[in-house]
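Asker: This is the structure I want to talk about, given as structure tokens.
In the working numbering, the protein residues as written are 3 to 617.
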């Protein structure tokens, strides 16, 4: 049985294909269109999924959309009616769009799918799953657990903003919800907006900025904005927000509470901004911890699965893991709306069709069903060479051993290396398939990658990719973290003593003080967003890091996504070549092709700094 899942029309459109419950292919539309967070119907992602499986739409048993438009429209109307006449301007702008497109999404989907198959049987094959059920299904069904509590937290689905489901075998049932407008995701997004970053894009900047600040506004937030109960349930005072019906996230009352208007994107970040980021991060962690502790106590479950955009807050996830209320935790790597496509397909297979679920096992060790999240396109060596030749690239083809040795030599010389191998990752994180790599021992690597390669803010941290067998030697974590969704501290044995002068520094001044043997991946609070690398899911990346350890004694590489600020992660060899020629990246490795910047035709150099919009 083949089932195609689709998410679209809000942000991060995607498609996912499963066959008899096995995940075959999945990708976001943005990777093909090169438009960040592309919300349009995922035609190219669907085309990829079908092509990869050598199928046509006529071979598909069901197509499943990840939410229910009529329920979402009901929420929109009820919200406007509840606050009328406030919000009329927003109402006037949004209702025509709903009436023209979103309300009648079944017709729109039918029309788009007919581009793939004129005879598509939409009456019997087109299904709809509720938004939070799609998220929950994406988290539970691929997890390594037979049973688990599933916590979904995001901005808003149809009505739900936070939901709890119980999963057992092939069953999954939502048992409680918090409804709009009370939303942890929207609370965090309100501070994202107030700090001058883009909503649905810049939340991770707030998380990265938080360690530079002090959480001095926590009490102010909890006393005024959030009514937080002991079990983690909460309500937001809507008099401070404008997201229900307005064109902004916050309002004048919010501004007055926090001492001024929202930051504009051209304003310098101040210590106050950093303290605000630290405060909302602490509040988020407190809410999530109260929720997870309450659920563990209530259900007595040992396993927790998580999905929804808030589940991408890896700092909070690390706190939940360390808290120990649950024995084990698994988080969907495509936790945001893109993952809803996969969840929709899985919910149709297991819940609608009542098909059995098989837990993936490997040598009696529980692993998940996501294949490392390497579910996107891949390119044969001959195709890579042809595409690079057509682009005018100059390269050397090496065997595997020479390739690893040469790439490691460049990394050890503090060069930035583009690494393009195997299938593209599904979800927002680059995991060694489409990555830019660096030497974590270099005290200048973070600044170099941020300013000269990524063209982004200097404060943004980078993640360590560490051999799974060595993770507990370097970090305070004894669990796998294959999807870069857990933060843990660098072990004290690898930390550096701070001078008295360095201890007095505040804010961004902390950035250039080395804190460990691996300063390029050690944040100012000694934390790191960890990716454990496994030989069974990514043997080439594992082999590269192993070669780096052999040369340097360090089983870790800096890993950041292969793109510049505002650009989707690269998908094709041409995308990688363009990014390589548009930045100060020194080396590019695609398949077994090895490219050095100074050997390229200078006439083909690009200016990537202003190529994409600010994210």
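In this text, a Cβ means the ideal position worked out from N, Cα and C, and glycines have one as well. Because the structure is a prediction, the values reported are computed rather than measured.
(1) In angstroms, rounded to a whole number, what distance separates the CA positions of residue 406 and residue 552?
(2) Which parts of the stretch 242–283 are runs of the alpha helix (DSSP H), unbroken and 4 residues or longer, counting only runs that do not cross its ends?
(3) Starting from the Cα of residue 158, find the closest Cα among 540, 428 and 339 and give me that residue.
(4) With residue 420 and residue 427 assumed to form a contact (beta carbons below 8 Å), what rounded beta-carbon distance in angstroms separates them?
(5) For my contact list, residue 476 and residue 489 are in at a C-beta cut-off of 8 Å; report their separation, rounded to the angstrom.
(6) May I ask you to verify whether the stretch 440–447 touches the stretch 290–305, counting CB pairs closer than 8 Å and requiring at least 3?
(7) Indicate whether residue 177 and residue 162 have their beta-carbon atoms separated by less than 8 Å.
(8) Can you round the beta-carbon distance between residue 147 and residue 319 to whole angstroms, since I take them to be within the 8 Å contact cut?
(9) With a 10 Å radius around its C-beta and 16 neighbouring C-beta atoms as the bar for buried, classify residue 438 as buried or exposed.
(10) Would you check whether the ligand ATP has a heavy atom nearer than 7 Å to the C-beta of residue 13?
(11) With a threshold of 8 Å, are at least 3 pairs of Cβ atoms found where one atom belongs to the stretch 118–125 and the other to the stretch 321–337?
(12) Less than 8 Å between the beta carbons of residue 282 and residue 193, yes or no?
(13) Hey, quick one: how far does the alpha helix (DSSP H) through residue 406 stretch, first residue to last?
(14) At which residue ranges does the stretch 499–536 contain complete alpha helix (DSSP H) runs of 4 or more residues, listed in the order of the chain?
(15) Where does the unbroken alpha helix (DSSP H) through residue 48 begin, and where does it stop?
(16) Does the stretch 389–405 touch the stretch 465–485, meaning 3 or more C-beta pairs lie closer than 8 Å?
(17) May I ask you to list the residues that DSSP assigns as paired with residue 137?
(18) Please report how far the alpha carbon of residue 207 lies from the alpha carbon of residue 199, in whole angstroms.
(19) Secondary structure at residue 623, three-state DSSP: helix, strand or coil?
(20) Considering only residues of the same chain and omitting the five flanking positions on each side of residue 294, which have a CB-CB separation below 6 Å?
(21) For residue 354, which of helix, strand or coil comes out of DSSP?
(22) May I have the straight-line CA-CA distance separating residue 558 from residue 595, to the nearest angstrom?
(23) Hey, how far is the Cα of residue 134 from the Cα of residue 560?
(24) CB residue 19 to CB residue 55, shorter than 8 Å?
(25) With 16 other CB atoms within 10 Å as the buried threshold, where does residue 218 fall?
(26) For residue 336, name the three-state secondary structure that DSSP assigns.
(27) With a threshold of 7 Å on Cβ separation, who are the neighbours of residue 210 within its own chain once the five nearest residues in sequence on each side are excluded?
(28) Under the three-state reduction of DSSP, which class applies to residue 573: helix, strand or coil?
(29) Report, in whole angstroms, the separation of the C-beta atoms of residue 317 and residue 287, which I expect to be a contact under 8 Å.
(30) In the DSSP assignment, find the alpha helix (DSSP H) that holds residue 172 and state where it starts and stops.
(31) Given a cut-off of 8 Å, decide if residue 205 and residue 570 are closer than it, judged by their beta-carbon atoms.
(32) Thinking C-alpha only, which one of 580, 465 and 308 is nearest residue 153?
(33) When you compare each of 601, 277, 537 and 567 to residue 36 by their alpha carbons, which one comes out closest?
(34) Between the beta-carbon of residue 214 and the beta-carbon of residue 264, is there less than 8 Å?
(35) Run through DSSP, which three-state label would residue 216 get?
(36) In angstroms, rounded to a whole number, what distance separates the CA positions of residue 479 and residue 126?
Answerer: Let me spell this out:
(1) Distance between residue 406 and residue 552, taken at the CA atoms: about 11 Å.
(2) DSSP runs (the alpha helix (DSSP H)) wholly in the stretch 242–283: 254–260.
(3) In terms of CA proximity to residue 158, 339 leads the group 540, 428 and 339.
(4) Your pair residue 420 and residue 427 does not check out as a contact, with CB atoms roughly 15 Å apart and the cut at 8 Å.
(5) About 14 Å separates the two Cβ atoms, so there is no contact after all.
(6) Contact between the stretch 440–447 and the stretch 290–305 is absent, because fewer than three Cβ pairs lie under 8 Å.
(7) Cβ atoms of residue 177 and residue 162: not closer than 8 Å.
(8) Your pair residue 147 and residue 319 does not check out as a contact, with CB atoms roughly 16 Å apart and the cut at 8 Å.
(9) Buried, because 16 or more other Cβ atoms sit within 10 Å of the Cβ of residue 438.
(10) For the structure depicted, the ligand ATP is absent and the ligand set is empty, with no information on it obtainable.
(11) Counting Cβ pairs under 8 Å, fewer than three are found: no touch.
(12) Yes.
(13) Where residue 406 is concerned, the enclosing alpha helix (DSSP H) stretches over 402–414.
(14) Qualifying alpha helix (DSSP H) stretches, in chain order: 502–505.
(15) Secondary structure note for residue 48: its alpha helix (DSSP H) is the uninterrupted segment 45–54.
(16) Touching, no.
(17) Beta-bridge pairing links residue 137 to no other residue.
(18) It is roughly 8 Å from the alpha-carbon of residue 207 to the alpha-carbon of residue 199.
(19) With the chain running from 3 to 617 in the structure shown, residue 623 is simply not present.
(20) These residues qualify, in order along the chain: 322 and 327.
(21) In this structure, residue 354 counts as helix in the three-state DSSP scheme.
(22) Separation of residue 558 and residue 595 (C-alpha to C-alpha, rounded to the nearest whole angstrom) is 23 Å.
(23) The alpha-carbon separation between residue 134 and residue 560 amounts to approximately 34 Å.
(24) Closer than 8 Å, so yes.
(25) Result: exposed.
(26) The answer is coil: DSSP assigns residue 336 none of H, G, I, E or B.
(27) Once the five neighbours on either side are set aside, the close Cβ partners of residue 210 are 461, 462 and 463.
(28) Three-state DSSP puts residue 573 in coil, outside helix and strand.
(29) Contact flag correct, Cβ pair sits at about 7 Å.
(30) Where residue 172 is concerned, there is no enclosing alpha helix (DSSP H), given that its DSSP letter is neither H nor E.
(31) Judged by beta-carbon spacing, residue 205 lies beyond the 8 Å limit of residue 570, meaning their Cβ atoms are not closer than that value.
(32) Scanning 580, 465 and 308 for the CA closest to the CA of residue 153 turns up 308.
(33) Minimum Cα distance to residue 36 is reached at 567.
(34) Contact check for residue 214 against residue 264 fails: the beta carbons are separated by 8 Å or more.
(35) Of the three classes helix, strand and coil, the one that applies to residue 216 here is coil, per DSSP.
(36) So the alpha carbons of these two residues sit roughly 48 Å apart.
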